[in-house]
Every structure is written in C-alpha cells, then in structure tokens.
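Line order of the protein sequences matches chains L and D. Residues 96 to 209 (this note's numbering) make up the first sequence, in order. Residues 455 to 572 (this note's numbering) make up the second sequence, in order. Report on one structure; see the data block that follows.
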Amino acid sequence: ILNVEQSPQSLHVQEGDSTNFTCSFPSSNFYALHWYRWETAKSPEALFVMTLNGDEKKKGRISATLNTKEGYSYLYIKGSQPEDSATYLCAFLGRGSTLGRLYFGRGTQLTVWP
Amino acid sequence: DVKVTQSSRYLVKRTGEKVFLECVQDMDHENMFWYRQDPGLGLRLIYFSYDVKMKEKGDIPEGYSVSREKKERFSLILESASTNQTSMYLCASSTSSYRESIAKNIQYFGAGTRLSVL
Numbered sequence: 096i097l098n099v100e101q102s103p104q105s106l107h108v109q110e111g112d113s114t115n116f117t118c119s120f121p122s123s124n125f126y127a128l129h130w131y132r133w134e135t136a137k138s139p140e141a142l143f144v145m146t147l148n149g150d151e152k153k154k155g156r157i158s159a160t161l162n163t164k165e166g167y168s169y170l171y172i173k174g175s176q177p178e179d180s181a182t183y184l185c186a187f188l189g190r191g192s193t194l195g196r197l198y199f200g201r202g203t204q205l206t207v208w209p
Numbered sequence: 455d456v457k458v459t460q461s462s463r464y465l466v467k468r469t470g471e472k473v474f475l476e477c478v479q480d481m482d483h484e485n486m487f488w489y490r491q492d493p494g495l496g497l498r499l500i501y502f503s504y505d506v507k508m509k510e511k512g513d514i515p516e517g518y519s520v521s522r523e524k525k526e527r528f529s530l531i532l533e534s535a536s537t538n539q540t541s542m543y544l545c546a547s548s549t550s551s552y553r554e555s556i557a558k559n560i561q562y563f564g565a566g567t568r569l570s571v572l
C-alpha cells in the first residue's frame, strides 16, 4: 500500500485567517497529484490536478503548489471563509498506476469560525 | 455535468443480511470505484472496475464482492453484513480517455451511502 500523508488532521481557524496544509507522497513514479474538497453532506469534488514540478494552481482564494522531487504539495487558503469549511483530500497517481487508481491521504478537516 | 448516483443515502440492515449498494454514472466512464470512509482513516478502496465484468481488489476487499454487468452500473455486495461494515460508502467513476490527458483520472463521486449494520 502506497503511503500518502496529510497534516494536520484537523484545523480550526477564524474567518479571515489564512491557512495552509500539507500532503506528502512518494517522489518516485510520480504522475499526478489531485486535491479534492469534501463538504459535509456533499460529494468530494476535484479542486486541482497537478503534474509538473513547481506547478502552482489557483482557484479564487485557494492555491496549491507542487514539489515532486521532495514529494510534497501545499494547499493555501487566503482569507478563510465559513464556506471553506470542508475536508481537503489529496490523492497520488503513480506512473503506470493501475487503471487510474488514486491513493488518498486521510484528509485535513478545516473548520472556519465566523 | 458528470453525475454519479448512489441508490440510497441511508441504509439500516441487520447482521447477516445480504446488502446491495448500487451506483450509476452517466458519463460513459470506463473506471468505477467503491470506497469506504471511516473517521480518522480516510478513503479506503474496496474494489474497482475498468470495464464491464472486470474487477480488481482494492486494499480492503474482505467481506465484499462487486458486480459490473453494464458499463454505467457498479454494485457493491455485502454477502453477510457484519457490524464492522457500518460505514460511509462512496462510489466514484473516472475516464481512461487519453484525449483528456490531464483531466483523465479525476474521480467523480456520488453522495455516499451511510450504512448501519445492527
């Protein structure tokens, strides 16, 4: 079983705070790194797919960076809002990965207090 | 929009019952997946399928089987439900199309089925 680690496990911040969390993955056989957002009572939805070392993706106040050589990705949220409260999952896709199988981390549960 | 539909949001079953969880996707995706999610353990892959009648074991297949008779439908079967199978079950699908080289492998999820086995 391939190991994908996320930290912290949970995070509580005030509205307006900026926050970031980490995903660590194997640096060998890298093909892509996915970030998903999973809001309560909804389905997980893809935020970003990152493939190149040094990649930076942005969607509104959320951005992500990728370092494939050292095997980590950061997700940043600038000026957190209550609607950002969700579990954020990262998932590793290896080169030659069987049929698109993703290896998920355990997620970071973010709560933003008004 | 891709739609992945799971037949039930909540299900309560008794120990020993045979349980069917159904998943249907409408985007002609080749790959379909079943996960369970438990607090602190993240998403764990039970089984996946890359074509009709084809299946592969994931990390925790024990106690489960699957069926894929049609491309759009992937069923998870608990042959004899046990209390340790109480969990949230999520279905997902993805395409293997090489025409969408970056977007391929994005998984689209259903809303989940919360199963309680008493």
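Ideal placement from N, C-alpha and C gives every residue a C-beta, glycine not left out. Since this is a predicted model, take the numbers as computed values, not measurements.
Where does residue i fall in DSSP's three states?
| i | result |
| --- | --- |
| L147/L | coil |
| E510/D | strand |
| L572/D | coil |
| L197/L | coil |
| E110/L | coil |
| E165/L | coil |
| E100/L | strand |
| E178/L | helix |
| K153/L | strand |
| T567/D | strand |
| E134/L | coil |
| N115/L | strand |
| I172/L | strand |
| Q460/D | strand |
| G189/L | strand |
| S550/D | coil |
| S105/L | strand |
| Q204/L | strand |
| F125/L | strand |
Quick one: residues in its chain with C-beta nearer than 8 Å to the C-beta of residue i, no 5 flanking neighbours on either side, listed in chain order?
| i | result |
| --- | --- |
| S105/L | T203, Q204, L205, T206 |
| H133/L | Going by the sequence as given, residue 133/L is Trp instead of His. Correct list, in chain order: P139, E140, A181, T182, Y183, L184, G202. |
| R498/D | Y489, R490, Q491, D492, G512, D513, I514 |
| R190/L | N124, F125, Y126 |
For a contact meaning CB atoms closer than 9 Å, what does residue i contact in chain D?
| i | result |
| --- | --- |
| P209/L | Those do not exist, as P209/L stays about 25 Å from chain D at its closest Cβ, beyond 9 Å. |
| L184/L | G496, L497 |
| H129/L | N559, I560, Q561 |
Who are the neighbours of residue i on chain L, taking C-beta pairs under 8 Å?
| i | result |
| --- | --- |
| S550/D | L194, G195 |
Which residues in the same chain as residue i place their Cβ atom closer than 7 Å to its Cβ, once the five residues preceding and following it in sequence are excluded?
| i | result |
| --- | --- |
| S559/D | It is worth fixing the name first, because residue 559/D is Asn in this sequence and not Ser. S548, listed in sequence order. |
| V458/D | C477, Q479, C545, A546, S547, Y562, F563, G564 |
| E178/L | none |
| Y198/L | L97, V99, A186, F187 |
| P209/L | E110, P177 |
Under 7 Å Cβ-Cβ, which residues of chain L neighbour residue i?
| i | result |
| --- | --- |
| Y504/D | L194 |
Under 8 Å between beta-carbons, which chain D residues line up against residue i? List them in chain order, please.
| i | result |
| --- | --- |
| A181/L | Near A181/L there are no residues of chain D at all, since even the closest Cβ is about 13 Å away, more than 8 Å. |
Would you mind telling me which residues of chain D sit closer than 7 Å to residue i, beta carbon to beta carbon, in chain order?
| i | result |
| --- | --- |
| G189/L | Under the 7 Å cutoff, chain D gives no residues; its nearest Cβ is about 11 Å from G189/L. |
| F199/L | G496, L497 |
| G174/L | Going along chain D, no residue has its Cβ under 7 Å from G174/L, so there is no contact; the nearest lies around 27 Å. |
Identify the contact partners of residue i in chain L, using a Cβ-Cβ distance below 9 Å as the criterion.
| i | result |
| --- | --- |
| N485/D | L194, G195, R196 |
Report all residues from its chain with a CB closer than 6 Å to the CB of residue i; omit the five preceding and five following residues, and keep chain order.
| i | result |
| --- | --- |
| F120/L | V99, G166, F187 |
| N115/L | Y169, Y171 |
| E151/L | T160 |
| T146/L | A127 |
> Which residues, taken in chain order from the stretch 138-168 of chain L, show a beta carbon closer than 7 Å to some beta carbon of chain D?
Replying inline: S138, P139, A141, V144, T146
>> Counting only Cβ-Cβ distances shorter than 9 Å, please list the residues of the stretch 557-569 of chain D near chain L, keeping chain order.
In response: A557, K558, N559, I560, Q561, Y562, F563, G564, A565, G566
>> So within the stretch 463-547 of chain D, which uninterrupted beta strand (DSSP E) runs reach at least 3 residues, ignoring any that extend past its ends?
In response: Correct list: 464-467, 473-479, 485-492, 496-503, 518-524, 527-532.
>> Residues of the stretch 108-126 of chain L in Cβ contact with chain A at a cutoff of 7 Å, in chain order, please.
In response: Note that chain A does not occur in the displayed structure, where the protein chains are L and D.
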